[in-house]
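J.:
There are 2 protein chains.
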Amino acid sequence: MSTLPDRRTRKRLATRQRISDVATRLFFERGFDHVTVDEIADAADVGRMTVFNHFPRKEDMFFDQDPEARQVVLDAARNRDPHVAPIVALRLLAHRLVAEERPYIRFGDESSHFVETIAASDALKARARAIRDEMVNSLAHALAASVDQPADDIDAHLAASLLLAAWTVAFAQAHQDFRKNGAAKLAKEKFLSIVDKASTGIETALRDTLYGAIDRDS
Amino acid sequence: MSTLPDRRTRKRLATRQRISDVATRLFFERGFDHVTVDEIADAADVGRMTVFNHFPRKEDMFFDQDPEARQVVLDAARNRDPHVAPIVALRLLAHRLVAEERPYIRFGDESSHFVETIAASDALKARARAIRDEMVNSLAHALAASVDQPADDIDAHLAASLLLAAWTVAFAQAHQDFRKNGAAKLAKEKFLSIVDKASTGIETALRDTLYGAIDRDS
DNA sequence: CAATTTATTTATACCCAGTACATTTATGAT
DNA sequence: ATCATAAATGTACTGGGTATAAATAAATTG
């Protein structure tokens, strides 16, 4: 399948990884806003420009593994069981991700620290919102495509927007719950209960569309 | 009621207004990112520091009349008819605001240009998202207070988040519609149809809570 | 293996938003 | 007229991000 990349590529990836690791450590230790790019460059033993080569924005070092997380959601929208309505498929995805304890929907000390680091930084909060916005758009497109509708279909955008809003609230509340009780199990349950509550409502709003109903012709 | 402010205050407000006017004009002419704060200061004939005195962020000059817009929504949540469920009250507010053609929910060439200027600038988009986020929080608090629940009530947060997500989609789609057809009337109808569709769904999701149901004891 | 091309790293110099701090100037109060 | 206060301003700085070009290392070609 994947052939061994050449030395040039290996070194590039190694450098990138070293920068990411060093940056993550510093961000976690001292907070995003209190670490400068110059410090990261020094600590990773590379030039300042090299850092910006690999990470156009400082925030990209923090949200490094975000692309994979997005892909999981988009794949679920694209490869759903055709007998299950898109909104339902995404609700089931939430259950599966929580059950599998994926790195981005997990409730533990590490991910708590992650969330708190974001909360402490305006720049990170802004980037998190931007990522969510981009996610709304790509999810809307994926949903539309999954029912053979044009990419700018309004109901798809509405569904994507409401779903991600609900997930965001659920995630925030579940983390708050975890910080309070320290019980991952309860946090998970809280997360899913909010997702389920919102999903059924969104399904109702879009019940007359292709997103809330099962395809008739399959 | 409001007594005439003293000269000091009058001058301060005048300076502020002059900066805001000059900045808005420049932003509209050349795009937010292509106007520097120094240019604004020069054009308004004030020192650079004076600009930052009145507007801590460059973006604040653009979203100058935002605070009033927020207040309208919060007031509606607080002073609703007790026989109408909060979510319904906000749906009715949307209808009223559109009917009254409030500056922030209007569909015309001017507001189109406003929207396009935001779309062309990452900084403005980021600020718009931040404002929406703050709005979600204050609306959640207002909703919770309106039914005598604690400020961090989850259902209130869910309602606020879903409602603003829906409004945002509706606003964006209606503006897209207006740019395409140039018909304000159709754009209004599109806005309200999306708001209504989403609101009924949100109401369903929260039908067992105080936000989707009429108070029993009134 | 030597020569050449190509990708990566790096240094230098710059732009711009935003902050800290000190100073001046205009206004209000006594 | 004097004093206190608030607004406007100047200077100097921090830090993220960009443009450009030079240096270095790896791949490719003859």
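As given, the protein sequences belong to chains E and R, one line each in that order.
At position 77 of the first sequence the residue is numbered 80 (our numbering), and the sequence of numbers has no breaks.
At position 100 of the second sequence the residue is numbered 103 (our numbering), and the sequence of numbers has no breaks.
Where a beta carbon is used, it is the ideal one built from N, C-alpha and C, also for glycine.
1. Mind pulling the alpha helix (DSSP H) runs of 4 or more residues that sit fully within the region 85-153 of chain E?
2. Which residues in chain R sit within 9 Å of E:R132, going by Cβ to Cβ distance?
3. Please confirm whether R:A97 has its beta-carbon closer than 7 Å to some beta-carbon of chain E.
4. When you compare only the Cα positions, how much space is there between R:A148 and R:I205?
5. For R:D180, count neighbouring Cβ atoms within 10 angstroms of its own Cβ and tell me buried if that reaches 16, exposed if not.
6. Spatial neighbours of E:R81 within its chain, please: C-beta separation below 8 Å, excluding the five flanking residues on both sides.
7. On the CB-based measure, 16 or more other CB atoms within 10 Å of its CB, does E:P8 come out buried or exposed?
8. Counting only C-beta atoms, is R:I157 closer than 7 Å to chain E at any point?
9. Quick check on the DSSP output: the alpha helix (DSSP H) that includes R:L189 runs from which residue to which?
10. In whole angstroms, give me the CA-to-CA distance for R:G215 and E:A163.
11. Among E:A159, E:F65 and E:T203, which one has its Cα closest to the Cα of E:Y107?
12. For the alpha helix (DSSP H) containing R:T2, name the first residue and the last one.
13. Is it a yes or a no for the region 22-32 of chain R touching the region 44-63 of chain R, going by three-plus beta-carbon pairs under 8 Å?
14. Expressed to the nearest angstrom, what Euclidean distance is found between the alpha-carbon atoms of E:D69 and R:K14?
15. Can we say the region 30-47 of chain R touches the region 122-132 of chain R, given the rule of at least three CB pairs closer than 8 Å?
16. What first and last residue would you give for the alpha helix (DSSP H) that runs through R:L161?
17. Measuring CB to CB, does E:I121 end up less than 7 Å from E:A131?
18. Mapping the DSSP letters down to three states, classify R:R83 as helix, strand or coil.
19. Using only the alpha-carbon positions, how far apart do E:A47 and E:L29 sit?
T.: In short:
1. 89-102, 112-122 and 125-149
2. Taking the first sequence and counting its residues from 1, one reaches residue 132 of chain E at position 129. Here the neighbours are A129, R132, A133, R135 and D136.
3. For the purposes of this step, residue 97 of chain R is taken as the residue at position 94 of the second sequence. Answer no: the Cβ-Cβ gap between R:A97 and chain E never drops below 7 Å.
4. Reading the second sequence from its first residue, position 145 is the one you call residue 148 of chain R. Reading the second sequence from its first residue, position 202 is the one you call residue 205 of chain R. Each residue's alpha carbon lies about 19 Å from the other.
5. For the purposes of this step, residue 180 of chain R is identified with residue 177 of the second sequence, where counting begins at 1. With 16 or more other Cβ atoms within 10 Å, it is buried.
6. Here residue 81 of chain E is taken as the residue at index 78 of the first sequence, counted from 1. Excluding positions up to five away in sequence, the list reads A145, A148 and S149.
7. Position 5 of the first sequence, counting from 1, holds the residue named residue 8 of chain E. With fewer than 16 Cβ atoms within 10 Å of its Cβ, E:P8 is classed as exposed.
8. Within the second sequence, numbered from 1, the residue matching residue 157 of chain R stands at position 154. It does: the Cβ of R:I157 has a partner Cβ on chain E nearer than 7 Å.
9. One-based indexing of the second sequence puts residue 189 of chain R at position 186. Start and end: A187 to A208.
10. Within the second sequence, the letter at position 212 stands for residue 215 of chain R. Within the first sequence, the letter at position 160 stands for residue 163 of chain E. Each residue's alpha carbon lies about 22 Å from the other.
11. Mapped onto the first sequence, residue 107 of chain E falls at position 104. The residue with the shortest Cα to Cα distance from E:Y107 is E:F65.
12. Residue 2 of chain R lies beyond the stretch modelled for chain R, which goes from 4 to 221, so this question has no answer here.
13. yes
14. On the first sequence, residue 69 of chain E is found 66 positions in, with the first residue counted as 1. On the second sequence, residue 14 of chain R is found 11 positions in, with the first residue counted as 1. Rounded to the nearest angstrom, the two C-alpha atoms are 49 Å apart.
15. yes
16. Against the second sequence, residue 161 of chain R aligns to sequence position 158. Its alpha helix (DSSP H) spans residues I157 to N184.
17. Within the first sequence, numbered from 1, the residue matching residue 121 of chain E stands at position 118. Within the first sequence, numbered from 1, the residue matching residue 131 of chain E stands at position 128. Yes; because the gap between Cβ atoms is below 7 Å, this pair is in contact.
18. Locating residue 83 of chain R in the second sequence gives position 80, counting from the first residue. Residue state, collapsed to three classes: coil.
19. For the purposes of this step, residue 47 of chain E is taken as the residue at position 44 of the first sequence. For the purposes of this step, residue 29 of chain E is taken as the residue at position 26 of the first sequence. Looking at the two C-alpha atoms, the distance is approximately 11 Å.
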